[in-house]
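Asks: First to last, the protein sequences are chains A and B.
According to our numbering, the first sequence is numbered sequentially starting from 1.
According to our numbering, the second sequence is numbered sequentially starting from 398.
There are 2 protein chains.
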Amino acid sequence: MSTREESVLARVALTWLAEPGTRSVHQLVDELGPVSALELLLDGGAPQQELRDSVAARGRAGDARAIAAEALGRGDRLAARVVIPGDDEWPPTVEHLRTLVIPDARSRVDRETAAPLCIWVRGPWPLAEVMERSVAVVGARAATAYGIHVATDLGYGLADREWTVVSGGAFGIDAAAHRGALNAGGPTVAVLACGVDRPYPMGNAALFDRIAETGLLVSEWPPGAEPLRPRFLIRNRVIAAGTRGTVLVEAAARSGATQTTRRAIALRRPTMVVPGPVTSAMSVGAHEILREEPASRLVTGLDQVLEELGRIGEFAPVPRGPERPTDTLDDDARAIVEAMPGRGTVDVEVLAARAGLPIRTVLRKLSLLEELVLVARRGQGYLLLSQAANPKPPRRE
Amino acid sequence: MSTREESVLARVALTWLAEPGTRSVHQLVDELGPVSALELLLDGGAPQQELRDSVAARGRAGDARAIAAEALGRGDRLAARVVIPGDDEWPPTVEHLRTLVIPDARSRVDRETAAPLCIWVRGPWPLAEVMERSVAVVGARAATAYGIHVATDLGYGLADREWTVVSGGAFGIDAAAHRGALNAGGPTVAVLACGVDRPYPMGNAALFDRIAETGLLVSEWPPGAEPLRPRFLIRNRVIAAGTRGTVLVEAAARSGATQTTRRAIALRRPTMVVPGPVTSAMSVGAHEILREEPASRLVTGLDQVLEELGRIGEFAPVPRGPERPTDTLDDDARAIVEAMPGRGTVDVEVLAARAGLPIRTVLRKLSLLEELVLVARRGQGYLLLSQAANPKPPRRE
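1) Kindly say whether HIS287 of chain A, judged by its beta-carbon, lies nearer than 7 Å to any beta-carbon of chain B.
2) Apart from the five residues on each side of it in sequence, which residues of its chain come closer than 6 Å, Cβ to Cβ, to LEU780 of chain B?
3) So, does the CB of VAL274 of chain A fall closer than 7 Å to a CB anywhere in chain B?
4) Output the residue ranges of the alpha helix (DSSP H) runs that lie fully inside the region 730 to 762 of chain B and measure 4 residues or longer, sorted by chain position.
5) Since VAL278 of chain A meets chain B, which of its residues come closer than 7 Å, beta carbon to beta carbon?
6) The ligand PLP and PRO624 of chain B: does any heavy atom of the ligand fall closer than 6 Å to the residue's C-beta?
7) In three-state terms, what does DSSP make of THR188 of chain A?
8) Tell me the DSSP bridge mates of VAL534 of chain B?
9) Kindly indicate if chain A contains any beta-carbon less than 7 Å away from that of TYR543 of chain B.
10) By how many angstroms is the C-alpha of ALA253 of chain A removed from the C-alpha of ALA407 of chain B?
11) Under DSSP, the beta strand (DSSP E) around ARG694 of chain B begins and ends at which residues?
12) Can you list, in chain order, the residues of its chain whose CB lies under 6 Å from that of GLU402 of chain B, leaving out five sequence neighbours each side?
13) What does DSSP give as the partner residues of ILE516 of chain B in its beta bridges?
14) At what residues does the alpha helix (DSSP H) containing THR611 of chain B begin and finish?
15) Using a beta-carbon distance cut-off of less than 7 Å, what residues from the region 206 to 219 of chain A approach chain B?
16) Would you mind reading off the limits of the alpha helix (DSSP H) that contains TYR543 of chain B?
17) Could you tell me which chain B residues have their CB closer than 7 Å to the CB of ARG81 of chain A, listed as they occur along the chain?
18) Residue range of the alpha helix (DSSP H) that VAL166 of chain A falls in?
19) Could you please give the first and the last residue of the uninterrupted beta strand (DSSP E) stretch that includes ARG774 of chain B?
20) How about ARG538 of chain B and ALA567 of chain B: are their beta carbons less than 7 Å apart?
21) Check the Cβ-Cβ distances between LEU309 of chain A and every residue of chain B, and say whether any is below 7 Å.
22) Can you grab the Cα-Cα spacing for the pair LEU351 of chain A / ASP197 of chain A, in whole Å?
23) Which residue spans inside the region 26 to 61 of chain A form an unbroken alpha helix (DSSP H) run of at least 4?
24) For chain B, check one thing: does any of its Cβ atoms lie closer than 7 Å to the Cβ of LEU290 of chain A?
25) In whole angstroms, what separates the C-alpha of GLY528 of chain B from that of ARG632 of chain B?
26) Please name the residue or residues paired with LEU217 of chain A in a DSSP beta bridge.
27) Examine the Cβ distances between the region 357 to 374 of chain A and the region 329 to 337 of chain A and report whether three or more of them are shorter than 8 Å.
28) Can the beta-carbon of VAL534 of chain B be found less than 7 Å from the beta-carbon of VAL671 of chain B?
29) Give me the residue from A:LEU329, A:SER7, A:GLY172 with the minimum Cα distance to LYS365 of chain A.
30) May I ask you to report which of helix, strand or coil DSSP gives GLY381 of chain A?
31) Which partner residues of THR668 of chain B appear in the DSSP bridge assignment?
32) Measure how close the beta-carbons of GLU795 of chain B and CYS591 of chain B come, nearest whole angstrom, since I'm counting them as under 8 Å.
33) Run the CB neighbour count on ILE359 of chain A, radius 10 Å, all protein chains shown included, and call it buried at 16 or more, exposed below.
34) Looking at ILE608 of chain B and ALA587 of chain B, is the spacing between their C-beta atoms short of 7 Å?
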């Protein structure tokens with residue numbers, strides 16, 4: 001058995017030897033483990049001629065193990081970590097890529113859709129926990145004001161309802177969805193097609209800084225990796241597989257965003273599409289999906305997205321952490337919980353002022369919260385009980 | 398056997414005694430014929446108490462036969478005619494209303510959806526012929542600029558492809574669809590909820606004048622009848638049943654236009670919906686249909702509407718008049734046919750100028766038309782042959 005450290009190094013090296021998603025490499029890792037798989041490849045023993053050739057070509061550019069070690073050192077200095085299968089942080093949903101088969105796949109990117117070998121992560125949250133209850137919001141870079149408006153609203157609303165908004169960090173819809181989520185104070189995840197140390201595009205640098213502080217930047221590629229054109233499409237399968245559902249806001253015909261959406265459909269994830277004016281080139285891709293994919297669902301706003309996400313929940317419960325008792329509260333009750341001090345009691349008047357609610361509403365909701373054993377009356381005031389005290393995932397140390 | 402004249406009078410009188418669509422009246426006419434059905438009702442012999450009561454109430458307002466005779470006289474003076482089942486002009490598709498059952502029908506208008514007893518017609522075309530290849534384009538009165546643009550374009554395109562555009566003559570989408578069709582020189586049909594002599598709304602008076610000249614104004618109600626509120630919803634079933642498919646352009650939630658659309662779905666007509674911005678109240682009804690009715694189809698423009706209309710064509714060929722050899726021509730060739738004089742020859746130069754096409758194109762298309770035996774060369778000019786001479790249905794004398 002190899003140590004975790006050896007596995008990490010091997011997986012990083014393998015990702016450098018062949019682009020992520022390469023099925024033959026993934027199979028070898030399944031059979032031999034990453035360390036032996038790497039050895040075999042470096043010894044020129046890949047079973048497929050194509051893979052042997054590409055490994056040989058890459059090998060001429062440098063020593064895979066040395067390059068991986070260097071990347072790991074660089075990651076350490078950046079506080080970027082590598083997550084691999086078996087780690088608590090490994091999001092189990094990406095393994096569903098094993099089942100992904102794109103019908104009539106002609107291009108390499110449609111054939112090579114294996115799960116990631118490793119994921120680089122930058123930011124304060126455990127990856128698996130944040131992705132557990134996550135939605136992809138994707139769309140056009142050249143979005144219209146309409147699309148930006150809708151994506152920002154959705155990002156905000158989803159984060160406000162404690163869904164993690166996942167997108168690709170691009171201009172346009174991606175950035176709007178991330179921003180909306182940030183504005184609601186929720187964690188948001190940008191899945192990049194380059195190293196987490198040099199997120200692309202540079203124009204979104206301030207956004208990436210905010211995401212790295214309060215959400216996650218993630219990538220299959222090591223620090224320093226460049227955002228090569230094909231990588232965006234390779235990356236999209238992780239957005240589709242890592243989330244519980246995908247919402248397409250605006251997309252040109254046959255664009256990257258429609259590709260992600262079709263991946264989500266092929267993975268049988270709830271796939272939602274926001275329509276737009278038929279006169280807008282930026283809605284052509286959205287309408288194309290709605291017309292061509294019977295499994296896609298037209299949605300006009302947050303409520304319908306939540307409904308679709310709830311629907312799968314019923315049939316295929318996704319493994320989740322311990323359920324938070326505050327999950328089922330309505331907005332007013334949650335506002336009250338959030339307005340309560342972590343320690344000590346609070347008066348109803350003060351609570352009403354903090355929560356921005358009428359005293360009558362606060363009293364009604366407090367008796368509900370008492371029944372749920374989330375708060376307790378103490379003398380003239382109310383006390384938050386410990387099980388309600390943690391409505392958001394803990395900040396990682 | 399009663400004469401056609403007696404039948405017409407009885408059907409007009411019956412429509413006055415009970416609002417169009419009343420199933421019990423329609424059944425009586427099926428069983429007894431209109432003349433005996435009218436006699437029975439006027440003698441207080443209606444089998445249903447409800448119908449007896451309403452006939453009695455109406456009877457106190459006047460003599461049904463005298464009122465019908467007066468309406469017929471008024472129609473004659475207006476050049477408005479009555480069409481009844483058995484007439485060549487009777488559109489067979491409206492009889493499909495016999496099969497229309499609205500699920501969970503709670504309101505009267507959802508229950509009383511029988512076929513019309515008679516249809517008043519004003520305009521130069523035979524009703525059945527014009528409706529044979531017709532599409533309903535319906536939508537909101539308070540349409541947006543976007544909706545108006547789309548409806549006008551669709552109306553134009555459909556008429557240009559020799560589809561009759563049918564709508565309700567209302568402000569907004571209806572008027573835009575009619576106008577688009579008129580601009581393309583096609584006949585358009587306004588199905589009214591009042592007499593064909595006083596089309597409503599008055600603000601569309603100029604539009605109605607143009608429709609009466611080059612298309613048709615039709616109604617179940619006799620000349621002079623007022624556009625009472627419930628009549629719009631009663632009328633909608635005729636728009637849905639009389640056409641081969643329905644396109645909804647913009648609609649508020651649960652509006653008259655969505656009602657027509659749901660009627661079309663219940664009749665299993667191709668039902669097409671144009672999406673719009675989710676931020677627009679005028680697209681809420683359209684998105685509602687797309688989400689709730691699996692049989693509805695999202696369309697983004699003319700080509701997709703034609704494709705849907707073509708699709709049914711394949712499965713259920715609709716009886717048509719003798720095929721016109723000009724049907725298969727492309728736009729340039731048709732422009733040339735239309736630019737040719739009814740008699741005598743024309744020079745290529747003159748023809749090119751009239752058709753607005755380059756001489757080279759005209760020469761190329763003329764050889765095609767010669768091959769199709771639609772035109773012939775005579776000396777220096779070209780002659781239109783008789784089978785091409787009638788590209789549109791004949792004007793009624």
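Just so it is clear, CB atoms sit at the ideal spot from N, CA and C, and this is done for glycine as well.
Replies: Let me spell this out:
1) Counting from 1 along the first sequence, the entry for residue 287 of chain A is found at position 287. Closer than 7 Å: yes.
2) In the second sequence, residue 780 of chain B corresponds to position 383, counting from 1. Taken in chain order, the residues that qualify are THR742, ALA773.
3) Residue 274 of chain A sits at position 274 when you count from the first residue of the first sequence. Yes, its Cβ sits closer than 7 Å to a Cβ of chain B.
4) For the region 730 to 762 of chain B, whole alpha helix (DSSP H) runs of length 4 or above, ordered along the chain, are 745 to 752.
5) As a working mapping, residue 278 of chain A is identified with position 278 in the first sequence. In chain order: VAL547, VAL671, PRO672, THR697, GLY698.
6) Ligands displayed in this structure: none; no statement on the ligand PLP is therefore possible.
7) The count along the first sequence starts at 1 and reaches residue 188 of chain A at position 188. Strand at THR188 of chain A.
8) For this step, residue 534 of chain B is matched to residue 137 along the second sequence. Paired residues: B:VAL644.
9) Here residue 543 of chain B is taken as the residue at index 146 of the second sequence, counted from 1. Output row for TYR543 of chain B: interface = yes.
10) To locate residue 407 of chain B, count along the second sequence from 1; it is residue 10. To locate residue 253 of chain A, count along the first sequence from 1; it is residue 253. CA-CA distance, ALA407 of chain B to ALA253 of chain A, rounds to 58 Å.
11) Along the second sequence, read from residue 1 onward, the residue named residue 694 of chain B stands at position 297. For ARG694 of chain B, the enclosing beta strand (DSSP E) has its first and last residue at 693 to 695.
12) On the second sequence, position 5 is the one that residue 402 of chain B refers to. Residues of the same chain with a CB within less than 6 Å of the CB of GLU402 of chain B, apart from the 5 flanking positions on each side, do not exist.
13) Working through the second sequence from its first residue, we reach residue 516 of chain B at position 119. Paired residue(s): B:VAL480.
14) Residue numbering aside, residue 611 of chain B sits at position 214 when the second sequence is read from its first letter. First-last of the alpha helix (DSSP H) with THR611 of chain B: 602 to 611.
15) The region 206 to 219 of chain A vs chain B, Cβ under 7 Å: nothing.
16) What you label residue 543 of chain B is simply residue 146 of the second sequence in a count that begins at 1. From DSSP, the alpha helix (DSSP H) with TYR543 of chain B extends over 542 to 557.
17) Sequence index remark: in the first sequence, residue 81 of chain A carries index 81 (1-based). In chain order: nothing, as chain B lies at least about 39 Å away.
18) Position 166 of the first sequence, counted from the start, is the residue given in the question as residue 166 of chain A. Here VAL166 of chain A belongs to no alpha helix (DSSP H); instead the beta strand (DSSP E) covers 164 to 167.
19) Here residue 774 of chain B refers to the residue found at position 377 when the second sequence is read from its first residue. Counting along the chain, ARG774 of chain B sits inside the beta strand (DSSP E) bounded by residues 772 to 775.
20) Taking the second sequence and counting its residues from 1, the one referred to as residue 538 of chain B is at position 141. Taking the second sequence and counting its residues from 1, the one referred to as residue 567 of chain B is at position 170. ARG538 of chain B is a Cβ neighbour of ALA567 of chain B, given a cutoff of 7 Å.
21) Here residue 309 of chain A corresponds to residue number 309 of the first sequence, with the count starting at 1. By this cut-off, LEU309 of chain A is not an interface position.
22) The sequence position of residue 351 of chain A within the first sequence is 351, counting from 1. The sequence position of residue 197 of chain A within the first sequence is 197, counting from 1. When only Cα atoms are considered, LEU351 of chain A and ASP197 of chain A end up about 43 Å apart.
23) Here the runs fully enclosed are 34 to 42, 49 to 59.
24) As a working note, residue 290 of chain A is residue 290 in the first sequence. Yes - at least one Cβ of chain B is within 7 Å of the one on LEU290 of chain A.
25) For the purposes of this step, residue 528 of chain B is taken as the residue at position 131 of the second sequence. For the purposes of this step, residue 632 of chain B is taken as the residue at position 235 of the second sequence. The sequence given here places Met at residue 528 of chain B; Gly does not occur at that position. Going by the C-alpha atoms only, they are around 16 Å apart.
26) Position 217 of the first sequence, counting from 1, holds the residue named residue 217 of chain A. When DSSP reads this structure, LEU217 of chain A sits in a beta bridge with A:ARG122, A:ALA190.
27) Contact between the region 357 to 374 of chain A and the region 329 to 337 of chain A is present, because at least three Cβ pairs lie under 8 Å.
28) Here residue 534 of chain B is taken as the residue at index 137 of the second sequence, counted from 1. Here residue 671 of chain B is taken as the residue at index 274 of the second sequence, counted from 1. Between VAL534 of chain B and VAL671 of chain B, the C-beta spacing is not below 7 Å.
29) Working through the first sequence from its first residue, we reach residue 365 of chain A at position 365. For LYS365 of chain A, the closest of A:LEU329, A:SER7, A:GLY172 by C-alpha to C-alpha distance is A:LEU329.
30) Here the question's residue 381 of chain A lines up with position 381 in the first sequence. Here GLY381 of chain A sits in strand by DSSP.
31) Numbered from its first residue, the second sequence carries residue 668 of chain B at position 271. In DSSP, THR668 of chain B forms a bridge with B:THR643, B:SER693.
32) It is not possible to answer for residue 795 of chain B, since the shown part of chain B is limited to 398 through 794.
33) In the first sequence, the residue the question calls residue 359 of chain A occupies position 359. Flag for ILE359 of chain A reads exposed.
34) Here residue 587 of chain B is taken as the residue at index 190 of the second sequence, counted from 1. Here residue 608 of chain B is taken as the residue at index 211 of the second sequence, counted from 1. Yes. Within cutoff.
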